[in-house]
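S.K.: Residues 443 to 710 (the numbering used here) are what the sequence shown spells out, left to right. Where is the CB? At the ideal position from N, CA and C, for every residue including glycine.
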Amino acid sequence: MSKPITIHQAAEKAQQLEFINQLIESYPHQIQGSEISVMSSLMAKLSGDIAVFLIEVIAGEEAIDNTSHCSDMSTVQVGQSDYLTNKGLQCPHQRLLKDGSLLLVMQALDGTVTGAQTIKPNGEKRLVSGSQKKGSFIPLSEITGTSDTFIITEGYATALTVSQLHDGVVLAAIDEGNLFAVAGHVRERCPDAKIILAADNDMKSGHKNVGKISAEKAAKSVRGWVTLPPTEEKADWDDYRQRHGIEAAKQAFSNGLYQVGKKNQCQW
């Protein structure tokens, strides 16, 4: 991840970014070819550095006593996400960017901020430049030394739904490729904890069920459990809740718990 920067450095970068924007707007026909490429790369780097700074601020890594220098870049506000509302999830205290995108802070198990994911109202997802994904996650609740059950999902909306289906600390691992690393870190820190992989059912005719395969691989490596939405079409647990309701989803979640290679072991 990019090295954290100070508030003054962030303000300078914001001013540089604004200056480049003004150049492009003032001289659209004079700036061409390689100059556009160089400016685009610089703008991406500046934006990434500023975003990393904002993430550190949000996470409480640095207190802001004087924000007058960076008012143009402090665009994070608290509100209701259209992305989540469209899924029937009412979460009024989400961090939002100017365009309505969710800003979700990622961290490691020790609490270190490792980056952020943004989700646009239309569902488009991306990681902030400089984010370190492997082993990182978006937590839905505080991780304490007494936590005895962890539930790991892929996406954030799925995690919000799963937090209503079963007791435990819920972590969103971003995607199926990161389930294995997150589960491994949890097991290393909490050797006696119950670890549940709330898998996405990526069932599709003629294709591998990547969500199930990835969850089972992660669960097997940590002696954990898997639960999969009981559908014959592609669905995660949030999709299942939307189609069948919260009570049916709770029952299906618990009834579907299994360990790889074992059957009928869902008594929780």
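1. Have a look at K540, F579 and I688 and flag the residue whose alpha-carbon is nearest the alpha-carbon of T627.
2. Quick check on the DSSP output: what are the complete alpha helix (DSSP H) runs of length 4 or more inside the region 638 to 664, in order along the chain?
3. Return helix, strand or coil for Q387, following the three-state DSSP convention.
4. Just the Cα atoms here: how many angstroms apart are F618 and S523?
5. In chain order, what residues of the same chain have a beta carbon less than 6 Å from the beta carbon of D590, not counting five sequence neighbours either side?
6. Taking its Cβ as the centre, do 16 or more other Cβ atoms sit within 10 Å of N643, making it buried, or is it exposed?
7. Quick one: is the Cβ of T600 within less than 8 Å of any heavy atom of the ligand NAP?
8. How long is the line joining the alpha carbons of T603 and F695, rounded to whole angstroms?
9. Can you give me the C-alpha to C-alpha distance between S583 and G553, rounded to a whole angstrom?
10. Mapping the DSSP letters down to three states, classify F695 as helix, strand or coil.
11. Name the DSSP beta bridge partners of A614, please?
12. Out of A614, A625, A640 and L569, which one is the CA nearest neighbour of L607?
13. Can you tell which of Y700, P672, T600 and D609 has the C-alpha that lies nearest to the C-alpha of L526?
14. Please list the terminal residues of the continuous alpha helix (DSSP H) segment that includes T527.
15. Can you give the beta carbon distance from V668 to Y700, rounded, assuming they're within the 8 Å contact cut?
16. Pair every Cβ in the region 644 to 661 with every Cβ in the region 673 to 686, then say whether three or more of these pairs are closer than 8 Å.
17. In chain order, what residues of the same chain have a beta carbon less than 6 Å from the beta carbon of I638, not counting five sequence neighbours either side?
18. Are K575 and M548 closer than 9 Å when you measure CB to CB?
19. Which stretch, first to last residue, makes up the beta strand (DSSP E) that contains V668?
20. Which one of Y682, D681 and L670 has the shortest CA to CA distance from V702?
21. Between which two residues does the alpha helix (DSSP H) containing V624 stretch?
22. Between which two residues does the beta strand (DSSP E) containing Q606 stretch?
23. Assign A635 to one of three DSSP states: helix, strand, or coil.
M.R.: Taking the definition as stated:
1. What sits at residue 627 in the sequence shown is His, not Thr. Checking every option, the nearest Cα to that of H627 belongs to F579.
2. 652 to 663
3. Absent from the model: residue 387. The displayed extent of the chain is 443 to 710, so no value can be given.
4. Looking at the sequence provided, one finds Glu at residue 618 rather than Phe. Their backbone Cα atoms lie some 24 Å apart in a straight line.
5. A635
6. buried
7. No copy of the ligand NAP occurs in the structure displayed, which carries no ligand at all.
8. 11 Å
9. 12 Å
10. helix
11. I580 and T595
12. A640
13. T600
14. D524 to T527
15. 6 Å
16. yes
17. I593 and W667
18. yes
19. W667 to T669
20. L670
21. L621 to R631
22. Q606 -> no beta strand (DSSP E), and no H or E assigned at all.
23. coil
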